[in-house]
Every structure is written in C-alpha cells, then in structure tokens.
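The structure appears below as structure tokens.
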Amino acid sequence: LKDKYNHSIDVVVYGDVSYSDGWIGEAVKNVDKGVVLKRKDFVDTNTSKDWERSIIGQSEFPSFRGKAYRAIAFCSPDCSYDVISKELVNISEIKLNLYMFTDPFLADLLNKTNAEMKILLDGNVIGGLPMEERYIAWMLSKKGEVRYMMANEEEGVYKRYKYNHAKYAIIDGKKCIIESANWVKNGVPIDNSYGNREWGVLIENESLADYLSTVFLYDWNPSFQDSIPFDEKSFTHGRPPEDFSMNYFIPKGDYVAKFSPLYLNSSFNFTVIVAPDNAEEEILHLLDTAEKEILVEQAYIEKDWEDGINPLLEKLIEKNESGVRVKIILNYNPAYYSTNKMNEETCDFLKNIDVKLQKELNIHNKGVIVDGEKVLISSINWGENSIRRNREVGIIIESEEMAEYFEKIFWYDWNYKFEEKAGYEKIFVFAIFIITFLLIYLHWRK
Numbered sequence: 011l012k013d014k015y016n017h018s019i020d021v022v023v024y025g026d027v028s029y030s031d032g033w034i035g036e037a038v039k040n041v042d043k044g045v046v047l048k049r050k051d052f053v054d055t056n057t058s059k060d061w062e063r064s065i066i067g068q069s070e071f072p073s074f075r076g077k078a079y080r081a082i083a084f085c086s087p088d089c090s091y092d093v094i095s096k097e098l099v100n101i102s103e104i105k106l107n108l109y110m111f112t113d114p115f116l117a118d119l120l121n122k123t124n125a126e127m128k129i130l131l132d133g134n135v136i137g138g139l140p141m142e143e144r145y146i147a148w149m150l151s152k153k154g155e156v157r158y159m160m161a162n163e164e165e166g167v168y169k170r171y172k173y174n175h176a177k178y179a180i181i182d183g184k185k186c187i188i189e190s191a192n193w194v195k196n197g198v199p200i201d202n203s204y205g206n207r208e209w210g211v212l213i214e215n216e217s218l219a220d221y222l223s224t225v226f227l228y229d230w231n232p233s234f235q236d237s238i239p240f241d242e243k244s245f246t247h248g249r250p251p252e253d254f255s256m257n258y259f260i261p262k263g264d265y266v267a268k269f270s271p272l273y274l275n276s277s278f279n280f281t282v283i284v285a286p287d288n289a290e291e292e293i294l295h296l297l298d299t300a301e302k303e304i305l306v307e308q309a310y311i312e313k314d315w316e317d318g319i320n321p322l323l324e325k326l327i328e329k330n331e332s333g334v335r336v337k338i339i340l341n342y343n344p345a346y347y348s349t350n351k352m353n354e355e356t357c358d359f360l361k362n363i364d365v366k367l368q369k370e371l372n373i374h375n376k377g378v379i380v381d382g383e384k385v386l387i388s389s390i391n392w393g394e395n396s397i398r399r400n401r402e403v404g405i406i407i408e409s410e411e412m413a414e415y416f417e418k419i420f421w422y423d424w425n426y427k428f429e430e431k432a433g434y435e436k437i438f439v440f441a442i443f444i445i446t447f448l449l450i451y452l453h454w455r456k
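For the sequence shown, the numbering used here begins at 11 and goes up steadily by one.
As structure tokens, then:
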C-alpha cells in the first residue's frame, strides 16, 4: 500500500516468498486464485495474523440479535424426531439447508405436503453423495426446488465454501429449526433407542426467520456458479438407477431415552451466528463472558490451525487459568479413527482441563453452555474448516431454563456408561445354568 508520495505504508506478504521490509515472519499461506485477504482489525503487527482469507462470493453477514418468546428445545436420540416431524405437517412453505438428507421418513413427510419448497444441499459431501439423498432430491424436486452447492473445478466451477455444513429450516416465514444434526437416520432417529447425541431448538420469531431467509437466499442465489439445480440425468448427483429402492428399516439400539422436549414460553434474548462471517469472534466472545463455568460438548476439537493453536482452545485455557471451571466432552467412537486421534491430541494438550473422551455414546453435538445462563446450539465443529471456511449456522440463547435443560443432558453424557440389557438370551442361559446346577446337586445328594 502506497501513499500519494509513493512511500510504502503497509505490506502483506503471501505465497512462497521471503520479504522483510515492513513484514515479520512467514507469509500468509494458501492464497490461490479467488482468495481475498482482509485485515482482521486496526492493530497492525506486520504478521500473517493480521489477515484473514475469504473466497470471492462469500457473504459478510453480521451476527443478528433479537428477543423471542416461544421455543422448543430438543435432543437426539431422545425426542428430536417427534419435534421435527410434527412441525412438517400442514406447512405452506419451507426453506431447508442441510449438509446431508438421507432420512426417508422426514422426506416422506415433506413429500405429503403441498408446501412451497427450496432445499439446498452440499454437493461435495465426504465419501460421495449417497443414493438415498439422490432419491430424496429427485422425489422432492417434483414438489419444489432442490439445488446443490458444489464445485466442479475441472469445468472451472469453484465453491464459495469448503462445505455447506449448516443444518437449519425456516418454516412458513415464522419458525426456525437450528440444530447439530443432519437429517439422517442416526441424526434424527425415529426410534430413540438409537442415534447420535445432538442438540436442537425450534424458535418462533419472524425477525429470526427473516434473517435466516436472507442468509439462505444469498447461498441459494442461482447467479452464483456453485448453486446448481438438481438434474435427474446427472451420473453422480441425479436420480438413482431404476432398481434402487429406499431402505425403510428402523435401526434400534440400547440407549434408554431420558429427555423430553422443553417447551419455553417466556422471553429470552438470542444471537444468531454464521460461519465464516462472524462465528469465530462470537464464540470467543461467548467464552470470554464466562465467570464460573464453561461446558463444551463436541464431536471433535482440532488443536493446530494454520496460524497456530486453535484460538478457541487458547481461550478455554485462559478462562481455566482465571478460575472458571471448564469441562469438555469429546466423541471417541471406534468408528471415527481420524477424529479420535485428533481428540487424543487435544486431550493431551489440555492437561489442566477435565476432558471426557466418551466411548459409549456417539457425540455429534456442537454445543456450549456458559454459567448456566447461555447455550450455543449449532452445526459448528471446532476445526479450522468449520469456523473459517464452511457455511455454518448457530444460535446463542440467553435463558437459564434452556441452559439448565441442556446442562442436564451434558452431565448425563459425562457420566454415561453403557448398561447392557438382560435379554431373553441371557435369561435363558442363566436358567440353563441354574437347572444344571440343581441336577448336579440332586445327583450328588443321591
């Protein structure tokens, strides 16, 4: 940056170069075509930490604050299906943004309505698009509009966000569902003995619906090259083969449901946060307000980011050292090797903080409770992609009643140990053992 006398007054260094005049340390990393560098704030340290990366076409929404009077808090596997399924009956309009949608039961409920539908899905999900989602997209495209946010770099189509990972719905312009769960069988399970731990909330508030509609329509906008309509003829994203049929099997497990929905009919303040636009600063601010306690339940937490230690972890350490009690639950399901290694590393790093690696439940949640007064419900994992590169949505609710609801779930998960049910097989084996013992005893008595 030059002044009118051609004097250099500021500099940003990026790429594989070395430069020291007005710059300290490494260059800004991963600056390719389409990347925009923005200064974070007015403090100038002449380092890469002064700059944040964004992609051409990404939004710059501020967080949104408001007050509401009606809400339903819920969780999976206990009661999420009951809450969501009831809201999908007799609706007139829905805008739905999901990373994944493979649940046939929720899809059928939408298919039975005459609602005006706009459904936005991620077209580049890890592992490829499931046939179930392709079938649902085909089925619902006959009732409304379905689009994918997706990249096709071979054809010069670049994506605004790494993943469209948000999970929210706007119903009839007045109700909003925000949650951690995808609409998949283990995210919103019809049988509550099976499924992930997830948090969610339904709020009735037109201002909230208007804000989220603005975010949704920005991402949906067909003018962006990465907003691609469903094409049933697409080999990778279209209608499945003719011989494909949806699987309506209902998985069952050993979890015993403990929590009913919380119906809240009192005023509360809320803040909607959106990644990558404002989520990082809002979550840091939420943690910074803690005076007594921070409870975190996450699928995983990534320790190392490009420019150093995860700033959310640094904030947790800072608050813990100031006397705030910090407790963290992380998923440790054997099926998730890569995130388990990540969580082991995070656990080792947080030596002076209580971290529970939960092996008995599948934790897919992305939640925080502060001082028993505020709760964050979101799609936001604590990894750099999620915070800085994905489209994500969350909501911070200031309500002691709602915080208490999720706090009970947190402590239940903290103390949870799998207790195997005594099924008929075990009773039968036990009975055989007793009979055999009696026969031996009677024979001995003879």
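Note that beta-carbon positions come from the ideal geometry of N, C-alpha and C, so glycine has one too.
Quick caveat, the model's predicted, so the values are computed rather than measured.
Item: If residue 86 and residue 176 are in contact, beta carbons under 8 Å, what's the gap, nearest whole angstrom?; Value: Contact flag wrong, Cβ pair sits at about 17 Å.
Item: Mark residue 224 as exposed unless 16 or more other C-beta atoms lie within 10 angstroms of its C-beta, in which case mark it buried.; Value: exposed
Item: Please list the terminal residues of the continuous beta strand (DSSP E) segment that includes residue 158.; Value: 155-159
Item: On the three-pair Cβ rule with 8 Å, is the region 409-420 touching the region 344-354?; Value: no
Item: Answer yes or no: do residue 136 and residue 280 have a C-beta to C-beta separation smaller than 8 Å?; Value: no
Item: Using the beta-carbon count (16 or more within 10 Å), is residue 15 buried or exposed?; Value: exposed
Item: Evaluate contact between the region 145-156 and the region 164-175, counting only Cβ atoms and requiring at least three cross-stretch pairs below 8 Å.; Value: no
Item: Output the distance between the C-alpha atoms of residue 288 and residue 73, rounded to the nearest integer angstrom.; Value: 6 Å
Item: Can you tell me whether DSSP reads residue 33 as helix, strand or coil?; Value: coil
Item: Is it buried or exposed for residue 255, if we count other Cβ within 10 angstroms and need 16 for buried?; Value: exposed
Item: Report the CB separation of residue 380 from residue 274 in whole angstroms; it is logged as a contact under 8 Å.; Value: About 18 Å; that fails the 8 Å criterion.
Item: Check whether the region 311-321 touches the region 105-116, counting contact only when three or more Cβ pairs, one atom from each stretch, lie closer than 8 Å.; Value: no
Item: Only counting the same chain, and skipping five residues up and downstream in sequence, which positions put a Cβ closer than 6 Å to that of residue 169?; Value: 161 and 236
Item: Where residue 28 and residue 65 are concerned, what is the direct C-alpha to C-alpha distance, given to the nearest angstrom?; Value: 24 Å
Item: Quick one: give me the first and last residue of the beta strand (DSSP E) that residue 378 is part of.; Value: 376-380
Item: Please tell me whether residue 399 and residue 214 are closer than 8 Å, where the distance is taken between their beta carbons.; Value: no
Item: Count the C-beta pairs between the region 226-240 and the region 47-57 that are closer than 8 Å, then say yes if the count reaches three, no if not.; Value: no
Item: Applying the 10 Å Cβ sphere with the 16-neighbour rule, what's the burial state of residue 180?; Value: buried
Item: Name the one or two DSSP bridge partners that residue 278 has.; Value: 78
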